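Taking my numbering, I'd label the letters of the sequence shown as residues 2 to 934.
Virtual Cβ for every residue (Gly too), placed ideally from N, Cα, C.
Quick caveat: nothing in here was measured; it's all calculated off a predicted structure.
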Amino acid sequence: MKTKFSLLFFLISFILFSQEFPPIIKYSSAVYGAGNQSWMISQDDQNYLYFANNDGLLEYNGTNWQLYPTPDETIMRSVKVIGSKIYTGSYMNFGYWTRQNNGKLKYTSLSNTIKNKILDDEQFWNILKYDQWILFQSLNRIYIYDTKTGKFKIIAPKNGVVKSFANKNAIYFQTIKEGLFEIESGKAKLVSDNPILKKFTIVNVFTAEDCLLIQTQLDGIYKLSGNNLTRFTTDVDADLKSSFVYSSQLLQDGSFALGTVSNGIFILSDKGKLKYHISQSKGLSNNTALSLFEDKDQNLWAGLDNGINCININSPVHSFTDDTGVLGTVYASATFNGLLYVGTNQGLFCKSIQSNSEFKFINGTKGQVWSLFVYDNTLFCGHDSGTFIVTNESAHTIFSGSGTWKFEAVPNNKNQLLQGNYYGISVLEKVNNQWVFKNKIQGFNYSSRYFEISNNFDVYVSHEYKGIFRLKLDKSLLKTHGFYTYKSPQKGKNASLTKFNNQIYYAYKGGIFKLNQNTKLFKKDNLLSSIFEKDEYTSGKLIVDNSNKIWLFSKNYIHYFSASKLSNQLKQNVIPIPSSLTNSMLGFENITQISKSTYLIGTTDGYYTLNIDDLSFKNYTVFITDITINKQNEILQNVAIQNEGSFKSNENNITLNYTVPEYNKYINSEYQYLLEGFQNDWSEWSTKATVNFKNLSPGKYTFKVRAKYANTILQNTATYTFVVLKPWYVTNFAWFVYFLLMFVLAYFINKAYLNYYHKQKEKLIEENNLLLEIKELENEQQLMKLRNEQLSQDVDNKNRELAVSTMSLNSKNELLAFIKEDLKKTTQNDSNNIKSVISTINKNITEEDSWNVFKEAFDNADKDFLKRIKQLHPLLTPNDLRLCAYLRLNLSSKEIAPLFNISVRSVEIKRYRLRKKMDLQHEIGLVEYILSV
């Protein structure tokens with residue numbers, strides 16, 4: 002029993018409900034910055050959306066969310082755009098919001114004018130419009146506001162109001178236990194008191210051809226024709242009874258959208274047939290739909306219990322998302338014999354095509370599927386385990402030597418196929434109407450994920466890490482006669498190779514190259530390579546479909562090229578779906594044509610289908626949403642959008658936000674702007690919807706922004722003109738003041754100059770007189786200078802004479818001393834006469850006489866020196882002074898010795914003693930000191 006249960010669980014896990022759903026955009030409270038719950042939704046003429054949120058009025062313009070809290074910070078329960086006003090209802094308050102010049106909304110309360118009539122604890126859950134009247138509905142009463150007179154009328158049923166409804170020609174409401182009423186002439190008129198309408202809460206009332214369709218919370222939909230109430234049968238009546246319908250919306254195509262408390266959203270056709278059941282397990286953020294609203298582009302908005310979702314009901318893109326992980330990442334797909342096959346990293350699955358039946362796992366294919374190939378009425382599966390042939394819901398292995406990447410037909414031999422394997426290329430052959438493995442081609446063992454074969458049996462292989470190989474196969478397909486490795490084009494990440502229009506193409510980051518069959522060289526194809534410009538490259542995957550279109554994938558687009566009917570040029574088509582939104586596996590993109598115009602594209606969590614014939618898009622409008630300015634390092638300040646701006650010179654930092662109010666999940670608007678007066682060229686296209694200009698110079702500027710949606714430039718260009726004023730000190734008035742000041746200044750300068758000139762004239766006369774006097778003084782000074790020079794020359798002459806005299810005395814004394822010494826050497830007989838001569842000599846060389854003569858001459862030449870030296874050194878003796886005088890004349894010790902009639906050694910001793918008496922420091926020279934006195 003346990004084994005059977007496990008097997009049943011295993012089988013269930015490989016059965017997937019496989020309906021493709023329209024894209025769903027999820028907005029969490031963290032994204033829009035408000036409360037989890039939104040109770041009512043509305044839209045204005047600019048396609049802006051408004052949500053009655055727990056935290057207030059929530060605005061969304063397609064790019065930015067803006068929250069306007071309710072005045073009393075209570076929950077906002079209702080919102081309705083009527084004309085240029087956004088009416089809202091909350092706790093004991095209702096009123097409207099109007100847009101100010103700066104683009105922001107301002108609230109005006111209407112309930113405050115009848116504050117005394119508002120019931121305590123009353124909340125306003127719905128807002129309706131009928132002609133000139135606006136109706137605000139609480140659970141107790143309905144307040145009817147006349148927009149022309151500004152007066153109110155109140156309808157107060159005894160049992161309260163459950164809900165109110167507006168159709169083209171009538172306003173209805175339900176009262177507890179009383180039935181359905183219509184408002185006529187400002188009063189309640191009973192429409193039906195059928196027991197069902199008394200028992201079950203009515204969610205909505207729709208107008209049909211000649212009747213009313215009434216949606217109840219717990220008992221499905223009823224048709225009311227006159228007094229006859231009959232059930233409107235749908236495919237989901239049982240589900241509706243157990244799901245508690247809380248909100249509903251009649252869609253533009255006649256379908257019904259029903260939001261439940263516990264089972265997501267049901268979308269029914271006008272006949273009651275189920276089109277979609279979208280729940281949390283199918284991509285919805287939450288199973289509780291508190292509010293539903295269809296916008297002008299037929300997107301269905303759902304205010305959930307935990308966030309906001311936008312469902313692109315009419316999108317040409319539908320997706321199948323595997324939230325369970327059972328299916329996995331889709332790597333290949335094919336249609337064959339009425340079945341849709343998808344190969345994933347989990348194995349091979351199939352289901353009936355064009356139906357909502359479940360995907361079934363094909364036994365034996367567990368593991369990675371790389372490719373599916375239909376040939377000769379046979380479906381081949383390239384698998385990590387080898388090669389399978391698939392028949393309906395079963396598969397059997399024909400090759401298990403290594404993993405198989407892909408398959409290619411052999412030219413001129415319909416009974417043979419080449420398959421690229423992990424370790425080279427091998428051959429499959431049809432024998433006795435059965436496909437079997439024939440042989441591996443010898444001589445080439447590299448992985449062959451991408452390869453193509455030409456008519457002359459040249460095989461070209463693209464290896465992501467080795468580059469491009471060219472193999473020459475023998476006719477029997479047994480071996481290759483060597484292979485050639487191309488140096489150009491180079492290898493590249495996510496590179497690929499394919500055959501299109503009987504030409505071989507290779508794609509990598511450097512571009513797309515076409516093989517020249519004659520030269521066997523690759524040449525860059527400029528048309529195809531253009532899609533990888535401006536850093537658009539993500540993958541070089543090339544895919545050729547059954548209609549002979551070649552598909553390529555870039556960062557922001559899906560491209561396909563087809564042959565032109567009027568020329569040999571390729572025709573390019575662009576689908577503006579970025580790779581970031583499709584959740585594709587880079588390098589393993591796969592697209593399969595499953596009908597004439599419908600394609601299946603694999604993703605990491607399932608797949609999505611694309612109908613290229615439905616790729617037509619509305620011409621939207623680009624708007625400038627708000628403009629802010631600020632001084633440096635100060636807060637932003639909103640300014641008027643509609644009027645020309647005028648900003649102070651220090652308010653020269655400006656930020657502009659703009660948007661295209663569209664809500665398609667897979668297509669992003671792109672923007673291009675130009676600031677005339679600052680830029681000469683338009684900016685590059687970007688999805689960024691804001692721009693900031695800093696430190697603009699004074700001048701007039703015109704900002705222009707245009708948008709591109711679905712690769713088509715929108716017709717309108719939004720503009721805003723503003724002026725950055727000059728600083729006050731360079732304004733025209735300032736220049737006038739400067740001119741006036743300059744004129745006054747020139748007057749006073751001229752006057753001052755005249756006064757100055759007059760004074761200068763008088764001063765010049767005085768100066769001339771003074772110059773004459775100075776000249777005379779200079780002449781006198783010159784004369785005195787000449788006299789001083791003459792005196793100085795006389796002093797110098799006297800010094801020279803003194804020196805000569807001193808030298809003469811010195812010479813005389815030396816001579817006499819020399820004679821004296823010679824006489825001493827004579828004989829004793831002559832001694833008497835000699836002594837007389839020596840006595841005479843001694844008298845002639847007396848030092849006293851020589852010193853007196855020298856002193857008198859020295860005093861004449863250098864007055865007061867001896868007095869000064871004596872004052873400085875009172876202990877000096879006459880001999881010391883005499884030595885100072887000789888040293889003053891810069892005489893050497895040798896020259897001084899005869900003057901003292903002593904030896905040179907004695908002179909040195911005298912000099913030493915003189916230093917001691919003068920108390921001179923060791924580093925001070927004696928002569929230098931005496932010369933300085």
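Got a sec? Which residues, its chain only, sit under 6 Å from residue i by beta carbon, not counting five neighbours each side?
i	result
Thr-75	Ser-91 and Tyr-92
Gly-541	Asn-495, Ala-496, Ser-497, Ala-508 and Tyr-509
Ala-645	For clarity, residue 645 is Glu in the given sequence; the question names Ala instead. So the qualifying residues of the chain are Thr-722.
Tyr-674	Ser-684, Val-692 and Val-706
Ala-396	Ile-363, Gly-365, Thr-366 and Phe-389
Ser-112	Asn-94, Phe-95 and Ile-119
Phe-11	Caution is warranted here: a pLDDT of 39 is assigned to Phe-11, below 50, making its placement in the model unreliable, and no coordinate value can be reported.
With a CB to CB cut of under 7 Å and the five nearest residues on each side skipped, what residues in its chain are close to residue i?
i	result
Lys-149	Gln-133
Tyr-561	Lys-550, Ile-551, Trp-552 and Asn-574
Over what stretch of residues does the alpha helix (DSSP H) that includes residue i continue unbroken?
i	result
Leu-528	527-530
Cys-885	879-889
Glu-295	It is not in any alpha helix (DSSP H) - Glu-295 instead sits in the beta strand (DSSP E) that spans 290-295.
Ile-897	894-901
Leu-198	196-200
For residue i, which beta-bridge partners are listed by DSSP?
i	result
Arg-232	Tyr-223
Leu-601	Thr-593 and Thr-610
His-759	DSSP, once it has assigned bridges, lists no residue as partnering His-759.
Cys-311	Ile-26 and Trp-302
Trp-66	Tyr-61
Leu-771	In DSSP, Leu-771 forms no bridge with anything.
Ile-128	Phe-137
Asp-335	Position check: residue 335 holds Ala in this sequence, whereas Asp was assumed. Tyr-342.
Ser-555	Tyr-538
Just verifying my parser: in three-state terms, what is the DSSP assignment at residue i?
i	result
Leu-587	coil
Ser-497	strand
His-923	coil
Asp-147	strand
Tyr-667	coil
Tyr-424	coil
Val-934	coil
Gln-872	helix
Asn-414	strand
Lys-116	helix
Phe-514	strand
Ala-239	helix
Trp-736	helix
Ala-157	coil
Arg-100	strand
Ala-564	strand
Tell me where the beta strand (DSSP E) around residue i begins and ends.
i	result
Asp-627	624-631
Asp-459	459-464
Ser-139	134-139
Ser-79	79-83
Ala-167	164-167
Excluding the 5 residues flanking residue i on each side, which residues of the same chain have their C-beta closer than 8 Å to its C-beta?
i	result
Asn-639	Asn-103, Gly-104, Lys-105, Asp-627, Ile-628 and Thr-629
Gly-255	Ser-270 and Asp-271
Ile-266	Ala-258, Leu-259, Gly-260, Tyr-277, His-278, Ile-279, Ser-280, Leu-285, Ala-290, Leu-293, Leu-301, Ala-303 and Ile-312
Asn-517	Phe-523 and Lys-524
Thr-718	Val-623, Lys-705, Val-706 and Arg-707
Phe-648	Ile-630, Val-640, Ile-655, Phe-723, Val-724, Val-725 and Leu-726
Gln-253	Glu-295 and Gln-299
Three or more C-beta pairs under 8 Å: does that hold for the region 47-56 against the region 322-332?
no
How do the region 114-126 and the region 56-70 stand: do at least 3 beta-carbon pairs fall below 8 Å, yes or no?
no
Determine contact between the region 708-725 and the region 738-748, defined as no fewer than three beta-carbon pairs at a distance below 8 Å.
no
Below 8 Å, how does it come out for the region 601-609 and the region 317-328: are there three or more Cβ pairs, yes or no?
yes
Any chance the region 412-424 sits against the region 449-461, with 3 or more Cβ pairs inside 8 Å?
yes
Taking contact to mean 3 or more Cβ pairs, one atom from each stretch, closer than 8 Å, check whether the region 432-444 and the region 469-486 are in contact.
yes
Between the region 376-383 and the region 351-360, do three or more beta carbon pairs fall short of 8 Å?
no
Between the region 653-668 and the region 30-37, are three or more C-beta pairs nearer than 8 Å?
no
Would the region 216-223 count as touching the region 171-182 if we require 3 or more Cβ pairs under 8 Å?
no
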